[in-house]
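*Asks:* Have a look at this one before I ask anything.
There are 2 protein chains.
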Amino acid sequence: MISLLLNSNMSGSNYSELVKTFEQYLAENTFSGQPENLYNPMNYMMGLGGKRVRPVLTLLGCEIFGGSVDKALPSALCVEIFHNFSLVHDDIMDKAPLRRGQQTVHQKWNEAAAILSGDLMLVKAYEALLKSEMSLWPRLLETFNNTAIEVCQGQQWDMDFESMEYIVMSDYIEMIGLKTAALLGASLSMGAICGGATDDEAYKIRRFGELTGLSFQIMDDYLDAFGSSFEIGKQQGGDILANKKTFLLIKALEVGDERSKKELIDLHVDSQMDPKYKVEAVISIFTELEIPAMALEQAAKYNDLAMKEIMGLGLEDKQLAPLVGFMNFLKGRNH
Amino acid sequence: MISLLLNSNMSGSNYSELVKTFEQYLAENTFSGQPENLYNPMNYMMGLGGKRVRPVLTLLGCEIFGGSVDKALPSALCVEIFHNFSLVHDDIMDKAPLRRGQQTVHQKWNEAAAILSGDLMLVKAYEALLKSEMSLWPRLLETFNNTAIEVCQGQQWDMDFESMEYIVMSDYIEMIGLKTAALLGASLSMGAICGGATDDEAYKIRRFGELTGLSFQIMDDYLDAFGSSFEIGKQQGGDILANKKTFLLIKALEVGDERSKKELIDLHVDSQMDPKYKVEAVISIFTELEIPAMALEQAAKYNDLAMKEIMGLGLEDKQLAPLVGFMNFLKGRNH
Numbered sequence: 497m498i499s500l501l502l503n504s505n506m507s508g509s510n511y512s513e514l515v516k517t518f519e520q521y522l523a524e525n526t527f528s529g530q531p532e533n534l535y536n537p538m539n540y541m542m543g544l545g546g547k548r549v550r551p552v553l554t555l556l557g558c559e560i561f562g563g564s565v566d567k568a569l570p571s572a573l574c575v576e577i578f579h580n581f582s583l584v585h586d587d588i589m590d591k592a593p594l595r596r597g598q599q600t601v602h603q604k605w606n607e608a609a610a611i612l613s614g615d616l617m618l619v620k621a622y623e624a625l626l627k628s629e630m631s632l633w634p635r636l637l638e639t640f641n642n643t644a645i646e647v648c649q650g651q652q653w654d655m656d657f658e659s660m661e662y663i664v665m666s667d668y669i670e671m672i673g674l675k676t677a678a679l680l681g682a683s684l685s686m687g688a689i690c691g692g693a694t695d696d697e698a699y700k701i702r703r704f705g706e707l708t709g710l711s712f713q714i715m716d717d718y719l720d721a722f723g724s725s726f727e728i729g730k731q732q733g734g735d736i737l738a739n740k741k742t743f744l745l746i747k748a749l750e751v752g753d754e755r756s757k758k759e760l761i762d763l764h765v766d767s768q769m770d771p772k773y774k775v776e777a778v779i780s781i782f783t784e785l786e787i788p789a790m791a792l793e794q795a796a797k798y799n800d801l802a803m804k805e806i807m808g809l810g811l812e813d814k815q816l817a818p819l820v821g822f823m824n825f826l827k828g829r830n831h
Numbered sequence: 497m498i499s500l501l502l503n504s505n506m507s508g509s510n511y512s513e514l515v516k517t518f519e520q521y522l523a524e525n526t527f528s529g530q531p532e533n534l535y536n537p538m539n540y541m542m543g544l545g546g547k548r549v550r551p552v553l554t555l556l557g558c559e560i561f562g563g564s565v566d567k568a569l570p571s572a573l574c575v576e577i578f579h580n581f582s583l584v585h586d587d588i589m590d591k592a593p594l595r596r597g598q599q600t601v602h603q604k605w606n607e608a609a610a611i612l613s614g615d616l617m618l619v620k621a622y623e624a625l626l627k628s629e630m631s632l633w634p635r636l637l638e639t640f641n642n643t644a645i646e647v648c649q650g651q652q653w654d655m656d657f658e659s660m661e662y663i664v665m666s667d668y669i670e671m672i673g674l675k676t677a678a679l680l681g682a683s684l685s686m687g688a689i690c691g692g693a694t695d696d697e698a699y700k701i702r703r704f705g706e707l708t709g710l711s712f713q714i715m716d717d718y719l720d721a722f723g724s725s726f727e728i729g730k731q732q733g734g735d736i737l738a739n740k741k742t743f744l745l746i747k748a749l750e751v752g753d754e755r756s757k758k759e760l761i762d763l764h765v766d767s768q769m770d771p772k773y774k775v776e777a778v779i780s781i782f783t784e785l786e787i788p789a790m791a792l793e794q795a796a797k798y799n800d801l802a803m804k805e806i807m808g809l810g811l812e813d814k815q816l817a818p819l820v821g822f823m824n825f826l827k828g829r830n831h
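Protein chains in written order, with the working numbering: chain C, 497 to 831; chain S, 497 to 831.
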């Protein structure tokens with residue numbers, strides 16, 4: 497996603513510079529040690545790339561409050577290692593064969609190596625964080641600990657949801673808040689803390705990140721069904737084929753009449769159906785129920801709430817620009 | 497193992513008191529949160545009991561250097577949570593159905609819940625540690641991080657060894673040093689740090705713990721084949737039936753002639769054989785090669801080295817007594 501971000505002509509911080517700064521720090525801090533079956537998976541995973549959204553947010557959060565990005569590099573590395581740890585373990589749980597177009601760790605090595613290299617990445621996330629200035633430790637560690645707890649909770653809720661027939665929308669929002677939005681918020685606020693933000697400022701920018709994260713996840717759900725393959729970088733309807741409980745499905749089951757509900761549930765549990773037909777049939781019901789507009793509206797609502805959070809900070813336009821740019825980028829993916 | 501310890505009439509600290517103090521702190525710090533499928537496995541695992549060797553060592557380490565045990569309770573909880581985290585994940589990797597006579601977490605819930613509750617326990621180990629006095633954070637966190645890394649390395653070596661035909665003894669010692677001894681050493685030294693030990697004192701007591709841990713693991717290997725079921729609390733020959741590469745097997749392949757090596761390897765790979773016959777046949781070769789005496793000698797050697805480490809500390813007899821008691825307890829299991 498940040499590839500689009502990199503091309504946007506925003507005022508304020510230069511995203512490609514921040515990515516470059518982070519990548520250089522990452523290269524200076526590759527994992528080294530024995531045995532190879534432990535360390536190779538870790539470096540493989542970190543090397544798969546991804547868009548480095550979280551560490552860039554950390555560096556951005558620091559800059560906004562006037563800090564030199566160097567101060568936030570340990571936190572940036574921490575959140576990126578943590579994110580990759582969670583992906584390694586999630587991929588085991590989801591039995592996913594691919595990640596970023598490459599073999600997942602448990603597929604390329606084995607499940608034991610994936611569990612263990614994930615564990616060590618979690619330890620290494622703490623180790624990275626402890627390279628921060630010691631005076632920042634209490635606030636950074638508290639934020640990071642609480643966020644790590646939330647991400648684990650979110651992932652377990654997500655798994656619990658798999659075996660539940662109906663999910664209430666508020667529960668879904670809480671789940672994505674924990675699983676996805678919490679780390680985006682924490683990435684910003686840890687950077688802000690490094691940059692000299694007060695507790696109140698760090699709280700507000702974290703809320704901005706979380707609310708933007710909610711918007712992002714709903715857009716992600718929307719684009720899976722209604723974006724072009726070009727926009728989403730993967731096959732259209734992947735969530736539908738994986739029978740995932742997305743914003744779209746939950747909303748459709750909430751607002752639909754009995755007939756469309758029954759059709760959706762029948763389609764949802766049918767794993768024998770022709771994939772193309774299944775995706776088309778589900779999308780057609782979503783469209784009929786006007787779910788796409790509701791998703792866009794909900795995403796916009798979270799963006800508005802996010803804006804309100806940072807407007808209260810009294811930042812200058814120059815400081816606000818990169819944050820607003822980030823939000824616009826997220827909004828802009830579907831247009 | 498500590499049940500014997502509790503009954504020993506040693507001078508110095510009262511082990512049962514320390515266990516009680518720890519259990520009370522543990523009870524005040526049970527995990528609470530949602531979802532249940534995340535938190536119940538964590539409390540289930542901590543509640544399976546075990547002998548609380550590591551947290552007791554932490555409290556002991558603190559007392560030896562004159563600290564009130566209260567100061568070391570966060571560290572004690574940290575090492576016990578960490579130990580249990582490692583057991584939850586190891587049990588998945590080993591596909592173990594039972595732990596302490598009860599169902600393992602992945603068996604009672606499922607593998608995903610076991611991965612995730614283990615992950616959260618690792619986070620909670622850090623959280624527990626951060627309840628220590630802040631002035632102690634740098635030394636405690638450094639010790640704990642390094643130890644967590646070592647334990648992961650040790651577990652991966654152990655798994656790597658499974659698919660290797662020959663293991664060199666020095667590699668085996670390094671593996672058990674990382675997987676088992678490191679945390680025993682760290683438990684003592686983190687307590688010592690809380691009690692006011694200098695870096696040198698904390699280092700020496702950690703080395704004492706590590707060397708005693710090596711001795712302990714070799715005795716564990718020995719007792720599995722040559723202890724009575726009463727002494728070891730489980731079926732005799734369990735390691736032999738699980739085709740584990742123990743000190744005994746590695747030593748036997750090191751010193752045996754071609755005939756006994758071949759016999760051992762044939763027995764080792766045979767999974768169809770009558771269990772009773774297999775255990776007897778392997779034990780008979782071990783005995784013929786005088787492996788039991790070599791194991792006892794090696795264990796005694798590590799105990800002597802452990803004693804040398806703490807003799808250099810200039811502790812009073814009163815302070816030394818509980819440590820020597822601990823060592824004697826470990827030595828004493830086989831007699």
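Every residue gets a Cβ at the ideal spot worked out from N, C-alpha and C, and that includes glycine.
Please list the residues of the stretch 656-674 of chain C that have a C-beta atom closer than 9 Å to any C-beta atom in chain S, keeping them in chain order.
*Replies:* Those residues of the stretch 656-674 of chain C that come within reach of chain S (Cβ to Cβ, closer than 9 Å) are Asp656.
*Asks:* Rounded to a whole number of angstroms, what is the C-alpha to C-alpha distance between Glu753(S) and Ile781(S)?
*Replies:* In the second sequence, counting from the first residue as 1, residue 753(S) sits at position 257. In the second sequence, counting from the first residue as 1, residue 781(S) sits at position 285. Here the sequence assigns Asp to residue 753(S), which means Glu is not the residue at that position. Those two C-alpha atoms are separated by around 11 Å.
*Asks:* Which residues mark the beginning and the end of the alpha helix (DSSP H) in which Lys747(S) is found?
*Replies:* For the purposes of this step, residue 747(S) is identified with residue 251 of the second sequence, where counting begins at 1. Looking at the DSSP string, the run of the alpha helix (DSSP H) that includes Lys747(S) is Phe743 to Val751.
*Asks:* Using the Cβ count rule (16 or more neighbours within 10 Å means buried), how would you classify Pro593(C)?
*Replies:* One-based indexing of the first sequence puts residue 593(C) at position 97. By the neighbour-count rule (16 or more Cβ atoms within 10 Å), Pro593(C) is not buried but exposed.
*Asks:* My output table needs one value for Leu626(S): the three-state DSSP class, helix, strand or coil.
*Replies:* Counted from its first residue, the second sequence places residue 626(S) at position 130. It is coil, neither helix nor strand.
*Asks:* Express the C-alpha separation of Tyr718(C) and Arg550(C) in angstroms, rounding to a whole number.
*Replies:* Looking up residue 550(C) in the first sequence gives position 54. Looking up residue 718(C) in the first sequence gives position 222. Taking the straight line from one Cα to the other gives about 22 Å.
*Asks:* Taking the continuous alpha helix (DSSP H) assigned at Ile736(C), which residues delimit it?
*Replies:* Within the first sequence, numbered from 1, the residue matching residue 736(C) stands at position 240. First-last of the alpha helix (DSSP H) with Ile736(C): Gly734 to Leu737.
*Asks:* Where do the N-terminal and C-terminal ends of the alpha helix (DSSP H) with Trp633(C) fall, by residue?
*Replies:* Position 137 of the first sequence, counting from 1, holds the residue named residue 633(C). Here the alpha helix (DSSP H) through Trp633(C) covers Trp633 to Glu658.
*Asks:* Contact criterion: CB-CB distance below 8 Å. Does Ile645(C) meet it with respect to chain S?
*Replies:* Taking the first residue of the first sequence as position 1, residue 645(C) is located at position 149. Taking Cβ atoms only, chain S reaches closer than 8 Å to Ile645(C), which makes this a yes.
*Asks:* With DSSP run on the structure shown, which of helix, strand or coil describes Arg595(C)?
*Replies:* The residue given as residue 595(C) occupies position 99 in the first sequence. The answer is strand: DSSP assigns Arg595(C) an E or B state.
*Asks:* Step through the CB atoms of chain S and report whether any lies within less than 8 Å of the CB of Thr554(C).
*Replies:* For this step, residue 554(C) is matched to residue 58 along the first sequence. Closer than 8 Å: no.
*Asks:* Which residues mark the beginning and the end of the alpha helix (DSSP H) in which Pro531(S) is found?
*Replies:* Stepping through the second sequence from its first residue, residue 531(S) is reached at position 35. That residue, Pro531(S), is in no alpha helix (DSSP H); it is neither H nor E in DSSP.
*Asks:* Is Leu514(C) near Leu555(C), with beta carbons less than 8 Å apart?
*Replies:* Here residue 514(C) refers to the residue found at position 18 when the first sequence is read from its first residue. Here residue 555(C) refers to the residue found at position 59 when the first sequence is read from its first residue. In this structure, Leu555(C) lies closer than 8 Å to Leu514(C) by Cβ.
*Asks:* Consult DSSP for Arg548(C) and reduce its assignment to one of helix, strand or coil.
*Replies:* Reading the first sequence from its first residue, position 52 is the one you call residue 548(C). Coil at Arg548(C), not helix or strand.
*Asks:* Can you pull the chain C residues whose beta carbon is under 7 Å from the beta carbon of Glu623(S), in chain order?
*Replies:* By 1-based counting over the second sequence, the position of residue 623(S) is 127. Residues of chain C passing the Cβ test: Asn641.
*Asks:* Quick test of your reading: Ala644(S) and Pro537(S), contact by CB under 8 Å. State the CB separation rounded to the nearest angstrom.
*Replies:* Against the second sequence, residue 644(S) aligns to sequence position 148. Against the second sequence, residue 537(S) aligns to sequence position 41. Contact doesn't hold; Cβ gap of about 20 Å is too wide.
*Asks:* Does the count of Cβ pairs from the stretch 648-666 of chain C and the stretch 742-757 of chain C closer than 8 Å reach three?
*Replies:* Counting Cβ pairs under 8 Å, three or more are found: they touch.
*Asks:* Leu819(C) and Phe704(C) look like a contact to me (Cβ under 8 Å); what is the Cβ gap, rounded to whole Å?
*Replies:* Here the question's residue 819(C) lines up with position 323 in the first sequence. Here the question's residue 704(C) lines up with position 208 in the first sequence. The pair is a contact, with the Cβ atoms about 7 Å apart (cut-off 8 Å).
*Asks:* Verify whether the separation of the beta carbon atoms of Phe640(C) and Ala678(C) is less than 8 Å.
*Replies:* Along the first sequence, read from residue 1 onward, the residue named residue 640(C) stands at position 144. Along the first sequence, read from residue 1 onward, the residue named residue 678(C) stands at position 182. No, the pair does not count as a contact, with Cβ atoms beyond the cut-off.
*Asks:* Could you tell me whether the Cβ of Pro593(C) comes closer than 8 Å to any Cβ of chain S?
*Replies:* Along the first sequence, read from residue 1 onward, the residue named residue 593(C) stands at position 97. Closer than 8 Å: no.
*Asks:* Can you give me the C-alpha to C-alpha distance between Leu680(C) and Ile672(C), rounded to a whole angstrom?
*Replies:* Along the first sequence, read from residue 1 onward, the residue named residue 680(C) stands at position 184. Along the first sequence, read from residue 1 onward, the residue named residue 672(C) stands at position 176. C-alpha separation (whole angstroms): 11 Å.
*Asks:* Does any C-beta atom of chain C lie closer than 8 Å to the C-beta of Ala677(S)?
*Replies:* Position 181 of the second sequence holds residue 677(S). No, its Cβ sits nowhere closer than 8 Å to a Cβ of chain C.
*Asks:* Got a sec: is the Cβ-Cβ distance from Gln652(C) to anything in chain S below 8 Å?
*Replies:* Within the first sequence, the letter at position 156 stands for residue 652(C). Output row for Gln652(C): interface = yes.
*Asks:* The alpha helix (DSSP H) that contains Leu674(C), what's its start and end?
*Replies:* By one-based count along the first sequence, residue 674(C) stands at place 178. First-last for Leu674(C): undefined, no H or E at that position.
*Asks:* Can you pull the chain S residues whose beta carbon is under 8 Å from the beta carbon of Gly529(C), in chain order?
*Replies:* On the first sequence, position 33 is the one that residue 529(C) refers to. Ordered by position in chain S, the residues that pass the 8 Å Cβ test against Gly529(C) are Ile645 and Gln649.
*Asks:* So, using beta-carbon positions, are Lys444(C) and Leu745(C) closer together than 8 Å?
*Replies:* The displayed coordinates of chain C run from 497 to 831. Any statement about residue 444(C) would go beyond what the structure contains.
*Asks:* For Lys700(S), which three-state DSSP category applies?
*Replies:* To locate residue 700(S), count along the second sequence from 1; it is residue 204. Here Lys700(S) sits in helix by DSSP.
*Asks:* Could one say the Cβ of Leu719(S) lies closer than 8 Å to chain D's Cβ atoms, at least one of them?
*Replies:* Any reference to chain D falls outside this structure, whose protein chains are C and S.
*Asks:* Using a Cβ-Cβ distance cut-off of 8 Å, determine whether Ala738(S) contacts chain C.
*Replies:* As a working note, residue 738(S) is residue 242 in the second sequence. It does not; no Cβ of chain C falls within 8 Å.
*Asks:* For Leu674(S), collect the residues of the same chain with a Cβ closer than 6 Å to its Cβ; drop the 5 residues on either side in sequence, then sort them by chain order.
*Replies:* Here the question's residue 674(S) lines up with position 178 in the second sequence. Answer for Leu674(S): Glu646, Gln649 and Gly650, listed in chain order.
*Asks:* Would you say Trp605(S) reaches chain C, if we count a Cβ-Cβ gap shorter than 8 Å as a contact?
*Replies:* Along the second sequence, one-based indexing puts residue 605(S) at 109. It does not; no Cβ of chain C falls within 8 Å.
*Asks:* Anything in the stretch 566-596 of chain C with a Cβ closer than 7 Å to a Cβ of chain S? List those residues in chain order, please.
*Replies:* Cβ contacts with chain S: His585, Ile588 and Met589.
*Asks:* Taking contact to mean 3 or more Cβ pairs, one atom from each stretch, closer than 8 Å, check whether the stretch 574-582 of chain C and the stretch 694-704 of chain C are in contact.
*Replies:* At 8 Å Cβ cutoff, the stretches do not touch.
*Asks:* At a Cβ threshold of 8 Å, is Lys533(C) touching chain S?
*Replies:* Start at 1 with the first residue of the first sequence, and residue 533(C) comes out as number 37. The residue you asked about is not Lys; residue 533(C) is Asn in the sequence shown. So, interface residue.
*Asks:* Have a look at Gln598(C), Gly529(C), Arg548(C) and Thr600(C) and flag the residue whose alpha-carbon is nearest the alpha-carbon of Ile577(C).
*Replies:* Taking the first residue of the first sequence as position 1, residue 577(C) is located at position 81. When each option's Cα is compared against that of Ile577(C), the closest is Arg548(C).
*Asks:* Flag Asp695(C) as yes if its beta-carbon sits less than 8 Å from any beta-carbon of chain S, otherwise no.
*Replies:* Start at 1 with the first residue of the first sequence, and residue 695(C) comes out as number 199. Asp695(C) does not count as touching chain S.
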